[in-house]
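Numbering (numbering that gives the first Met the number 0), first residue to last: 0 to 524.
Ideal Cβ positions, reconstructed from N, Cα and C, are used throughout, including at glycine.
Remember, it's a predicted structure, so these values are computed and weren't measured experimentally.
One structure below.
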Amino acid sequence: MKHYIPPSGSNYKVVSAVQMQQIDALTINEIGIPGAVLMENAGHLTAQIIHAEFTGRIAYIFTGKGNNGGDGFVIARHLHNWGWTVKLLMLTPIDQLRGDARLNADICHQLQIPMEVLTPESLPQTDLTPADVLVDAIFGTGIKGAVRGFVAEIIEWINTSQKPVVAVDVPSGLNTDTGAVAGVCVRADLTCTMGLPKIGQLIPPGSMYVGHLHILDIGFPRSLTEDPNLTIDWLTSGYIRRLLPSRPLDAHKGSCGKVLVVAGSPGMTGAATLTCQAAYRAGAGYVTLAMPATIRDIMEIKLTEVVKAALPPTQTGALHPTAHDPILRLAQHADSLAVGPGLSTDKETQTLIHHLVETVEQPLIIDADGLNALTTNMTVLKHKKSKQLVLTPHLGEFARLIGRSIADIHPNRLEIAREKAQEWGVTIVLKGAGSIIASPTGQVSINSTGNAGMATAGSGDVLTGIIATFLAQGLPASSAAQAGVFVHGFAGDMARTLQGERSLIPSDIIQSIPKVFMSLTDSPS
Numbered sequence: 000m001k002h003y004i005p006p007s008g009s010n011y012k013v014v015s016a017v018q019m020q021q022i023d024a025l026t027i028n029e030i031g032i033p034g035a036v037l038m039e040n041a042g043h044l045t046a047q048i049i050h051a052e053f054t055g056r057i058a059y060i061f062t063g064k065g066n067n068g069g070d071g072f073v074i075a076r077h078l079h080n081w082g083w084t085v086k087l088l089m090l091t092p093i094d095q096l097r098g099d100a101r102l103n104a105d106i107c108h109q110l111q112i113p114m115e116v117l118t119p120e121s122l123p124q125t126d127l128t129p130a131d132v133l134v135d136a137i138f139g140t141g142i143k144g145a146v147r148g149f150v151a152e153i154i155e156w157i158n159t160s161q162k163p164v165v166a167v168d169v170p171s172g173l174n175t176d177t178g179a180v181a182g183v184c185v186r187a188d189l190t191c192t193m194g195l196p197k198i199g200q201l202i203p204p205g206s207m208y209v210g211h212l213h214i215l216d217i218g219f220p221r222s223l224t225e226d227p228n229l230t231i232d233w234l235t236s237g238y239i240r241r242l243l244p245s246r247p248l249d250a251h252k253g254s255c256g257k258v259l260v261v262a263g264s265p266g267m268t269g270a271a272t273l274t275c276q277a278a279y280r281a282g283a284g285y286v287t288l289a290m291p292a293t294i295r296d297i298m299e300i301k302l303t304e305v306v307k308a309a310l311p312p313t314q315t316g317a318l319h320p321t322a323h324d325p326i327l328r329l330a331q332h333a334d335s336l337a338v339g340p341g342l343s344t345d346k347e348t349q350t351l352i353h354h355l356v357e358t359v360e361q362p363l364i365i366d367a368d369g370l371n372a373l374t375t376n377m378t379v380l381k382h383k384k385s386k387q388l389v390l391t392p393h394l395g396e397f398a399r400l401i402g403r404s405i406a407d408i409h410p411n412r413l414e415i416a417r418e419k420a421q422e423w424g425v426t427i428v429l430k431g432a433g434s435i436i437a438s439p440t441g442q443v444s445i446n447s448t449g450n451a452g453m454a455t456a457g458s459g460d461v462l463t464g465i466i467a468t469f470l471a472q473g474l475p476a477s478s479a480a481q482a483g484v485f486v487h488g489f490a491g492d493m494a495r496t497l498q499g500e501r502s503l504i505p506s507d508i509i510q511s512i513p514k515v516f517m518s519l520t521d522s523p524s
């Protein structure tokens, strides 16, 4: 999915179907804005986007029974008035429509816009070939189960037409709460959603059906769309810009964040390298690597700017538990710690990690082999000293942490991440397309940046370094995670423009971080 990134000042809550219905009802019944006005705004704005995005001027519009179909009739009227050739393909006869949808259907009838009621018998004779664009105004946000029968046939017909498709509010067939597709679903090239983004549009598999996402302001009051009781945020450039720490004119290396990275083992020096380099590129003033002595020589070659501390190794060459006290001494001069990348699954090293979780007081991010260590002893989280702790699992690591299958977690991963963040008192970054950030307060964020090219070994190490820097610069764990995930994904998007998705590697992401900051701050600083 390619998201529409809102203007720099925009900030969006993300809602469920029920929450959106409540906002709609409050707007109509308590604020007093008629539903017909909201429908007019929705259809008019969607028609404007269609008119601007497509050079052809023939639109076939599929309309359903409810308000989504009503939006489709408004779209038809405006495109017709602008000189388009419009045909309405209706799933419900006009005499069975009610309310605002019936009102707008009657207007289309009076304007003599061609209408055809689709039936199983007529479908084979209906030709989509003349259309330049198809508009899906069949179902809105309320659908939960699988689309079946004749409507499923129509959706399959749309998907196999090889025509550009615009979805009104949500692609028909998509569960807007979970992103699940139980049966068939319209594959849209562009989706115009009303008021606020919906959960299922931003996380897979739903996000793969949305195409370019446009969020339309159809007149819902800000008091409703910015209600603090809406606990899910969409991370956008405007949101992140306000989080980023400033860099004062009198800054020095000690004031820009001191990061201690505990990482690396024989054969896994790359993880430590990427984490340290990313921490520096994210703006850290001082980075120290605590590593086993077995990799000192190679790390001296690979990392010029990083200070190294060679510590006692195990028989396998990984960090030994006796490295605990030296690490704590190093931590006294650090503002944050990153623990885990490339540390190995050596049992003794895992014991060291357990002890660090129980004793480190500084802001702490745990990733990779640090998470692997936690799976063997989750009780250490109950004794953690750090008040700002970030865990960054991908779905497989998260499944191991909570002892459940990926298949069980995937449909409800947002709520499960929220539940565990509150239970453990940590911030969880559940990595993947549309990464989820869950804080111990119950607040959740969904990221808007990143691409499939970032699905390479080492990308997570880069993220760890970025978040570690934001922690070191004083951001609370949840804000550091939000900023880190967004910047990481944005850097990946910039790298994709140069390297393409297939050839993108983690060092490309690191090299693009400076461009991200220049874009977000509009200045070289």
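In this structure, DSSP gives Glu-304 a state outside helix and strand, which the three-state scheme calls coil. By the 16-neighbour rule on beta-carbons within 10 angstroms, Ser-447 is buried. With a 10 Å radius around the Cβ and a threshold of 16 neighbouring Cβ atoms, Thr-26 comes out buried. With respect to Tyr-11, Leu-195 sits close: the two C-beta atoms are nearer than 8 Å. Across the set Ala-482, Gln-510 and Ala-480, the C-alpha of Gln-510 shows the shortest separation from the C-alpha of Ala-494. A direct Cα-to-Cα measurement between Phe-61 and Phe-72 gives close to 9 Å. Taking each of Ser-335, Pro-505, Lys-307 and Ala-289 in turn and checking the Cα distance to Pro-320, the smallest one comes out for Ala-289. For Lys-162, the secondary structure class from DSSP, reduced to helix, strand or coil, is coil. Just measuring C-alpha positions, the residue of Ile-142, Ile-154 and Arg-241 sitting nearest Thr-175 is Ile-142.
Here DSSP, grouped into helix, strand and coil, assigns Pro-291 to strand. Secondary structure of His-251 (DSSP, three-state): coil. The C-beta separation of Met-267 from Ser-335 comes to about 21 Å, leaving the pair out of contact by the 8 Å criterion. Fewer than three Cβ pairs drawn from the segment 451-471 and the segment 228-241 lie within less than 8 Å of each other, which leaves the two stretches out of contact. Tyr-11 is bridged by DSSP to Trp-233. By the 16-neighbour rule on beta-carbons within 10 angstroms, Leu-87 is buried. Taking all protein chains in view, the Cβ of Ser-477 is crowded by 16 or more other Cβ atoms within 10 Å, so the residue is classified as buried. Taking the CA atoms as reference points, Ile-202 sits about 42 Å from Ala-292.
The C-beta distance from Val-425 to Leu-388 rounds to 5 Å, short enough to meet the 8 Å contact threshold.
Beta-bridge partners assigned by DSSP to Phe-61: Leu-88 and Asp-135.
When secondary structure is reduced to three states using DSSP, Lys-386 falls in the coil class, being assigned neither helix nor strand. The three-state secondary structure of Lys-143, taken from DSSP, is coil. Annotation for Cys-184: no alpha helix (DSSP H) segment contains it, and DSSP assigns it neither H nor E. For Trp-423, same chain residues with a beta-carbon under 7 Å away, outside a window of 5 residues either side, are Leu-380 in chain order. Residues of the same chain with a CB within less than 7 Å of the CB of Ile-504, apart from the 5 flanking positions on each side, are Thr-455 in chain order. Residues of the same chain with a CB within less than 8 Å of the CB of Phe-53, apart from the 5 flanking positions on each side, are Asp-131, Val-132 and Pro-163 in chain order. Between Ala-333 and Leu-259, the C-beta gap is smaller than 8 Å, which places the two residues in contact.
Inter-residue distance for Ile-153 and Phe-138 is about 12 Å (C-alpha atoms, whole angstroms). For Gly-284, same chain residues with a beta-carbon under 8 Å away, outside a window of 5 residues either side, are Ala-250, His-251, Lys-252, Gly-253, Ser-254, Cys-255, Gly-256 and Lys-257 in chain order. Under the three-state reduction of DSSP, Val-36 is assigned to helix.
DSSP places Ile-405 in the uninterrupted alpha helix (DSSP H) bounded by 405-408. The DSSP-derived three-state label of His-319 is coil. Counting C-beta pairs with one atom in each stretch, the segment 164-184 and the segment 199-215 have three or more that are closer than 8 Å, which means they touch.
His-43 and Ile-74 have their C-alpha atoms spaced approximately 6 Å apart. With contacts defined by Cβ atoms closer than 8 Å, Ile-22 and Leu-223 form a contacting pair. Taking 8 Å as the cut-off, the Cβ atoms of Asp-507 and Gln-498 count as close. With respect to the 8 Å criterion, Val-338 and Ile-365 are classified as neighbours on the basis of their beta carbons.
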